[in-house]
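J.: This is the structure I want to talk about, given as structure tokens.
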Amino acid sequence: MMEAVTIPPFERFYESLSGEILAFLRRRLGRAEAEDAFQETFLRALRAYGRLQHGRDLRAWAYTIAERVAIDVHRRREPPATGQEPARTDNRPAYAELEHLAGQLPATERAAVVLRYGYDLSYADIGAALGSSEDAARQAASSGVRRLRRKELQ
Amino acid sequence: MTVSADLDLRFRAAAAAAGLLDVAYDLVDSPLGPLLVAATPRGVCRISFDPEPEEEAETLARRFGLRVLRAPLDGPRRELDEYFEGRRETFELDVDLSTVAPFNRRVLEELARVPYGTTTTYGLLAERSERPRAARAVGMVMNRNPVPIVLPCHRVVGSTGKLVGYGGGLDRKEMLLRLEGALA
Numbered sequence: 247m248m249e250a251v252t253i254p255p256f257e258r259f260y261e262s263l264s265g266e267i268l269a270f271l272r273r274r275l276g277r278a279e280a281e282d283a284f285q286e287t288f289l290r291a292l293r294a295y296g297r298l299q300h301g302r303d304l305r306a307w308a309y310t311i312a313e314r315v316a317i318d319v320h321r322r323r324e325p326p327a328t329g330q331e332p333a334r335t336d337n338r339p340a341y342a343e344l345e346h347l348a349g350q351l352p353a354t355e356r357a358a359v360v361l362r363y364g365y366d367l368s369y370a371d372i373g374a375a376l377g378s379s380e381d382a383a384r385q386a387a388s389s390g391v392r393r394l395r396r397k398e399l400q
Numbered sequence: 004m005t006v007s008a009d010l011d012l013r014f015r016a017a018a019a020a021a022g023l024l025d026v027a028y029d030l031v032d033s034p035l036g037p038l039l040v041a042a043t044p045r046g047v048c049r050i051s052f053d054p055e056p057e058e059e060a061e062t063l064a065r066r067f068g069l070r071v072l073r074a075p076l077d078g079p080r081r082e083l084d085e086y087f088e089g090r091r092e093t094f095e096l097d098v099d100l101s102t103v104a105p106f107n108r109r110v111l112e113e114l115a116r117v118p119y120g121t122t123t124t125y126g127l128l129a130e131r132s133e134r135p136r137a138a139r140a141v142g143m144v145m146n147r148n149p150v151p152i153v154l155p156c157h158r159v160v161g162s163t164g165k166l167v168g169y170g171g172g173l174d175r176k177e178m179l180l181r182l183e184g185a186l187a
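Respectively, the protein sequence lines represent chains A and B.
Under my numbering, the first residue of the first sequence is numbered 247, with each subsequent residue one higher.
Under my numbering, the first residue of the second sequence is numbered 4, with each subsequent residue one higher.
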């Protein structure tokens, strides 16, 4: 029942997502830094594009790259304080423990979980990335997490 | 949100400059209407009349790789502009015929030697391609020429001198031959 989804020419991928990825980067980084980050995001996507195995979840994939670029920009902005590691207040460590299991989730749940707990995207952004609503994104992430916890207990 | 034209162009130019594209294509205005011109890192691989860019992008992706992007093609654009202004008789552009079948490639390479402002016939081109009885097959190769204008299939006419046929339509063949002074 799993059909291979054809990968579109890069032009179509870029044309269909460039507007919303720029909007996402502006929210994330502000106007001034969004443009360089936009260029970097699509250059990274282009570098990896020839190695894609299928065309599923391309939108979530694009958001994942954009988010990584945004994280890099933040890191450059705030070089780590010398001496101590800053205290971690986000939930990434918790996600890191589950990460090795995420690959087994259904595609939508996996994307929602990765974007939420791996990258701290808001449910509105995840909804946009997956082409669904904020509510649907919240639901996909929480059912993904439930599934992960069950697996963890096994 | 729409991406500004400036940012969009900067990305496309950067992608091409970084050597990340399997194919770059661009639309070039000409007296024959807009032309879609496409190039791989090896050279120009496609020129099409009355282009439908979305379909062309799909075809190019199947043939040359998925990393197909519209991007400025300054070299081909300049040479085509000069040609249409009557300031250029030979193209210096590299041509990528890597996906063309061997017989077709042989014929297209012979075709490239037909001088500006002259015509030849399907039969003569067949002879020069060492397949003297293949005039009809040569006609098919002309019809499927992936890079018209640069590879001058418009200079090939029937044995009686009639223009016979052209992938882009006979009107365009006539215009090109008039431009070159090969038709009164």
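Idealized CB from N, CA, C, for every residue including glycine.
Since this is a predicted model, take the numbers as computed values, not measurements.
What are the start and end residues of the alpha helix (DSSP H) that includes V110 (chain B)?
T.: Run containing V110 (chain B): 105-114, per the alpha helix (DSSP H) assignment.
J.: Can you pull the chain B neighbours of G373 (chain A), defined as C-beta to C-beta under 9 Å?
T.: By Cβ distance, chain B contributes nothing, its closest Cβ being about 16 Å from G373 (chain A), past 9 Å.
J.: Could you tell me whether the Cβ of M178 (chain B) comes closer than 8 Å to any Cβ of chain A?
T.: M178 (chain B) does not count as touching chain A.
J.: Does the region 96-109 of chain B come into contact with the region 31-46 of chain B, if we say contact requires no fewer than three beta-carbon pairs (one atom in each stretch) closer than 8 Å?
T.: Yes, the region 96-109 of chain B is in contact with the region 31-46 of chain B.
J.: Kindly give me the distance between the Cβ atoms of R303 (chain A) and A357 (chain A), rounded to whole angstroms, as I take these residues to be in contact under 8 Å.
T.: As written in the sequence, residue 303 (chain A) is Asp, which differs from the Arg given in the question. So it is a contact: roughly 5 Å between Cβ atoms.
J.: List the residues of chain B whose Cβ lies closer than 7 Å to the Cβ of E279 (chain A), in chain order.
T.: Within chain B, no residue comes near E279 (chain A); the closest Cβ sits about 13 Å away, beyond 7 Å.
J.: Touch check for the region 10-20 of chain B and the region 285-305 of chain A: three-plus C-beta pairs under 8 Å?
T.: Result yes; three or more Cβ-Cβ pairs closer than 8 Å.
J.: Does DSSP put I152 (chain B) in a helix, in a strand, or in coil?
T.: It is coil, neither helix nor strand.
J.: If I'm right that L128 (chain B) touches P155 (chain B) with Cβ under 8 Å, what's the distance once you round it to whole angstroms?
T.: Actually they do not touch by this definition, with Cβ atoms about 11 Å apart.
J.: Is there at least one Cβ from chain B nearer than 8 Å to P255 (chain A)'s Cβ?
T.: Answer yes: the Cβ-Cβ gap between P255 (chain A) and chain B drops below 8 Å somewhere.
J.: Just the chain B side, please: which residues come within less than 8 Å of R293 (chain A) by C-beta, in chain order?
T.: Going along chain B in sequence order, the residues near R293 (chain A) (Cβ under 8 Å) are L23.
J.: So, does the region 167-183 of chain B touch the region 65-75 of chain B, judging by three or more C-beta pairs under 8 Å?
T.: Verdict: no, contact absent.
J.: Helix, strand or coil for F288 (chain A) per DSSP?
T.: Here F288 (chain A) sits in helix by DSSP.
J.: If you drop the 5 nearest sequence neighbours on each side, which residues of the same chain put their C-beta closer than 7 Å to that of G373 (chain A)?
T.: Excluding positions up to five away in sequence, the list reads S379, E380, A382, A383.
J.: Just checking my contact of A283 (chain A) with A316 (chain A) at CB under 8 Å: how many whole Å lie between their CB atoms?
T.: At roughly 6 Å, the Cβ-Cβ gap stays under 8 Å, so A283 (chain A) and A316 (chain A) are in contact.
J.: Compare the Cα-Cα distances from G36 (chain B) to each of B:A8, B:L83, B:E58 and report the closest residue.
T.: For the residues B:A8, B:L83, B:E58, the minimum Cα distance to G36 (chain B) belongs to B:L83.
J.: With 16 as the cutoff for other CB atoms within 10 Å, does S404 (chain A) come out buried or exposed?
T.: No answer is possible for residue 404 (chain A): it lies beyond the span of chain A, which begins at 247 and ends at 400.
J.: Using a C-beta to C-beta distance shorter than 8 Å, which residues of chain A count as neighbours of M4 (chain B)?
T.: G265, E266, L268, A269, R272, listed in chain order.
J.: 8 Å is my cut-off, CB to CB: does Q299 (chain A) come that close to chain B?
T.: Closer than 8 Å: no.
J.: Using a Cβ cut-off of 8 Å (strictly closer), state whether A19 (chain B) contacts chain A.
T.: Not one chain A Cβ lies under 8 Å of A19 (chain B).
J.: Excluding the 5 residues flanking Y369 (chain A) on each side, which residues of the same chain have their C-beta closer than 6 Å to its C-beta?
T.: Answer for Y369 (chain A): E380, A383, R384, listed in chain order.
J.: Bridge partners of F256 (chain A), per DSSP?
T.: DSSP lists no partner for F256 (chain A).
J.: Taking Cβ-Cβ distances shorter than 7 Å, what residues in chain B pair up with G296 (chain A)?
T.: Chain B residues near G296 (chain A): G68, L69, R70.
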